[in-house]
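Here our numbering is used: the first residue of the sequence shown is 571, the next is one more, and so on. By construction, the Cβ of each residue, glycine as well, lies at the ideal position given by its N, Cα and C atoms. Just so we're clear, the structure is a prediction, and the values are computed from it rather than from any experiment.
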Amino acid sequence: MMIRTIPLFLSLLLLPSARALYAQGEVNLNIQVKDAKQKPLSGASIALVETTSGARLEKTADAMGKASFTLSEGKLWKLFVNDFFMEREIEVPEIGRTNRNMTLTYNPELVERHAKQSFDRFNFVWTAQNYSGNEAPLVGKAMVRVKVTTRTGTPQKGISVRLVHGTTKTGLSALTGANGMACFMADMGKSYDIDVAEVLNLSYIDIKNKPNLVLTSTLQYDAPKISETRYGDTIVQRILREEAASGRAYYILTIKRYGEGLAPNETVYLSEIHGKDVYVGYTDEKGEVKFLLPLGKKYMVHFNFEKDVDVIDLTKVFGYVNGGMELTYRPNPKLENPELFIPKKEELFLVEFERFLQKQYPDPIKPDKVGLFLRWGNKFNPQSTEALLEIGYTAKGDGMQMPGNYSFVLDRSGSMAGYYRIEMLKLSLIELVKLLSPNDYVSVIAYDDDMQVIFPHQKLSNNKQALIKAIEAIEAGGGTDMLASMKQGYEFVMSKYAKNQNNRIIILSDGYDNNQPEVLEKVQEPYNDKVSCTSVGVGEDYNYALLKILAEKGRGVLHHVADSAGFRKVFLHGLVKEMKPVAYDVKLEVLYNDKLVAEHVYGRTPLPGSVNPLKYQLPNLYDGTNEVALAVFSLKKADPSIQNEPIIVRIRYKEKLDGPEIMVEEKIYPEWEEGSGKLKMAVEKEQKKLYAIAEINRALKVMAESYEAGDNAKAKKVLEETITRMRDLYPLADDKDIKALMDSMEGYLEAFKNLANKKELQKKKKGS
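Structure representation (structure tokens):
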């Protein structure tokens, strides 16, 4: 809920009534529309459009420019005047009644001019000027006089004024004199935005190509009455005048603690999205916290024990802005209780070692479309009885372009607003849509707290532009509930299911959801034999565990994107290739002699009951597939005769779904050396890194499983042993990826130590 007070432009008043008295949510909306001269706009068409259903309500403004509506259905309505979107949305509450009175200024030209303004001032070149304002304009120049006054019209001296030309990243700067004037010789034919003091884009001026032109603009500037203390990127405010100021929104957050009512003495954080600054405030006895926030930015709301709660969007407002929001604080137990910092198995964030594979394995030998490559990372010796086997496999060939049947399930929750996630996701998805066939069936579903069908499931035909526009309109905000959207995606695909087509849902998310993994897995179960599931993890800190489970259970692939380059690679290479499989029903087998023990095959889960040979079901392979698995073997007994019997690795696959099975096979013999016995695992740089990440992932899984089983000693031991081994492999800690994972393990180890200390303190307290 936003309350904005803008002189001569807009005012909005929200009057909440007792919600608990009503079982049906309802909004009584009274709208008045004025023109640019603030006269009532009689006869204007005022329309409300519901974002999910597309339902439309329309009325004609009376002689006073007024119209009234009652909204008791739908959730979110957009407001249009004469078919121009007024950048206003009205939310219908689940329960209770809200009365809203809105006064709007209909001025599309002004809105579009403000939309051109940028808040970027990085790397600008500024030219200082000092004119009195009485000089005649120079050739090719206009005299621009900017007068800065208070709200009461008093001229202000010594105020910095800048004329900003965004296209060339240049600008002019001057200080106001005793008459409140800052004067400039500015280029004719250019448009400038006007900054006053710290306020960016307070106004603008468009200069015509007219000789001897003198322009005067009078602007009100009210400096915020505020004291700000900065600690690094953190800003604490002391507001001395509680009202909106130039370039600052006066914003009140009312915080309620879930199940407890108003929340006094809570810390509230507002972090700039696309920026570094974090504003910190503390609720008073009414549960209120007040901020004066710079306009032109978006802010994510956090609490101590709950992150990414909601978004405050100040990018589309101007003038004197007052706003407010009521939020319910639901502390995350993992953050509120330090011992819960130790993750359970399903909460682990793991970095797949395969993503660090850079080498290209040899192409398959024709006519095979799948190839194998085997290499030892080290040799066995009398004291070091463990060795690493690298198993690389590739696919090459023209895959069959199958008809597509796709449902894209897109996370637009508040957490997706950070780090440009939602915008890059939309742009990449649009690029992918352009590559789809008109005969493909496609749907797009977006979700936060609720599901919204952005594009119903249908043959794409001539609807690409409609689909692209629907994707462009998606914005982030709200909670996260994947369940209904995922189920709808499967049902959409099943509605057009055919055996010989690519039936797939694609989940695009950071993976943080209100539902437990097993609940989402159950949604998949009825469809797994017919519909595959690809998941794309967005951001550096995406929920690996959940998205990996959904991809594996759905016989699909997990992709990860952290930046713009990653988006393009995944969408325009990874997902496109998944539309043209080279090999279906792919199985990997590893057969070894009875003198060896297969300790681990990293990155793969064996099929139930398979021991020797170990068997693994792989996802479909595509042209250009270049993947790796790492197997660790140990000796039952140190014996040079192990060199005499090979390890056999096979891949079985089909070139068509109903085609015959094809097998490729490679053999490799264990290698032995007489030596000191010190472990020399994976001496080659890339192989060493792949092994290190795989081993860290294994240790973290053992840690989580042991912790869940109550065996904290085992969890602590595996962390200590793995940290020691990694330090031996990387004594200089010169790999940033390995260092980050080492830091994570050491953090978990510290948590176990703290947990042990806490139990000891509790024991002493009980005994005293």
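Three-state secondary structure (DSSP) at T885? coil
Please list, in chain order, all residues of the same chain as K1237 whose beta carbon is under 6 Å from its beta carbon, the five residues on each side excluded. P1216 and I1218
What residues in its chain sit with their C-beta under 6 Å from that of G750, if we drop five residues either side in the sequence? K717, V718, T719, P725 and Q726
With three or more C-beta pairs closer than 8 Å as the rule, is the segment 933-952 touching the segment 1223-1238? yes
Beta carbon of G894 nearer than 8 Å to that of I822: yes
Near N1113, which residues of its chain fall below 6 Å by C-beta distance, leaving aside the five closest residues on each side in sequence? G1081 and Y1082
Scan the segment 940-1019 and note each continuous alpha helix (DSSP H) run of 4 residues or more that stays entirely inside, going in chain order. 991-1005
Could you tell me which residues DSSP puts in a beta bridge with G595? Paired residues: none, contrary to the question.
How many Å lie between H684 and D690 at the Cα? 14 Å
Sheet register partners of R715 (DSSP bridge): C753 and T786
Span separating the alpha-carbon of R854 from that of P834: Before going further, note that residue 854 is Asp rather than Arg in the sequence given. One C-alpha to the other measures close to 5 Å.
Okay, do the segment 968-982 and the segment 1194-1201 touch, 3+ Cβ pairs below 8 Å being the bar? no
Only counting runs of 4 or more residues, tell me where the alpha helix (DSSP H) segments fall wholly within the segment 1260-1305, in order along the chain. 1282-1299
Cβ atoms of V848 and D880: under 8 Å apart, would you say? no
Can you tell me where the beta strand (DSSP E) with I1076 in it begins and where it stops? N1072 to S1079
What does a CB cutoff of less than 7 Å around V1272 pick up in its chain, not counting 5 residues either side in sequence? V1288
Where does the unbroken beta strand (DSSP E) through V681 begin, and where does it stop? Unbroken run through V681 is the alpha helix (DSSP H), P678 to A685; no beta strand (DSSP E).
In the DSSP assignment, find the unbroken alpha helix (DSSP H) run with P1026 in it and report its ends. Here P1026 belongs to no alpha helix (DSSP H); instead the beta strand (DSSP E) covers M1021 to K1029.
Using only alpha-carbon positions, find the residue among W696, G723 and G710 that is nearest to S730. W696
May I ask which residues mark the beginning and end of the beta strand (DSSP E) holding Y852? V848 to Y852
Using DSSP with H/G/I as helix, E/B as strand and the rest coil, what is E924? helix
Option nearest K856 by Cα separation, candidates E1275, K1329 and I825: I825
Between the beta-carbon of D1051 and the beta-carbon of Y1017, is there less than 8 Å? yes
Roughly how many angstroms lie between the CA atoms of N1324 and E1330, to the nearest whole one? 10 Å
Through-space distance from H844 to M994, alpha-carbon basis: 13 Å
For A625, three-class secondary structure by DSSP: coil
Count the other CB atoms, across all protein chains shown, that sit within 10 Å of the CB of S702; report buried if there are 16 or more and exposed otherwise. exposed
Nearest by alpha-carbon distance to I1024: which of V603, T622 and K609 is it? T622
Give every residue of the same chain whose Cβ lies closer than 8 Å to the Cβ of G1247, excluding the five residues on either side of it in the sequence, and list them in chain order. With a pLDDT of only 49 at G1247, under 50, the local geometry of the prediction cannot be trusted, and no value is derived from it.
Quick one: what does DSSP say R589 is sitting in, helix, strand or coil? Residue confidence for R589 is low, a pLDDT of 34 falling below 50, so the modelled location carries little weight; the figure read from the coordinates is stated next. Three-state result, R589: helix.
Is it buried or exposed for Q1094, if we count other Cβ within 10 angstroms and need 16 for buried? buried
In whole angstroms, give me the CA-to-CA distance for Y931 and I961. 10 Å
Consult DSSP for G1247 and reduce its assignment to one of helix, strand or coil. Here the model assigns G1247 a pLDDT of 49, short of 50, so the residue's position is not dependable, and the following value carries that caveat. Three-state result, G1247: coil.
Where E1088 falls: helix, strand or coil (DSSP): helix
Count the other C-beta atoms from every protein chain shown that fall within 10 angstroms of the C-beta of S642, then say buried if there are 16 or more, exposed otherwise. exposed
Can you pull the DSSP bridge partners for H872? Y839
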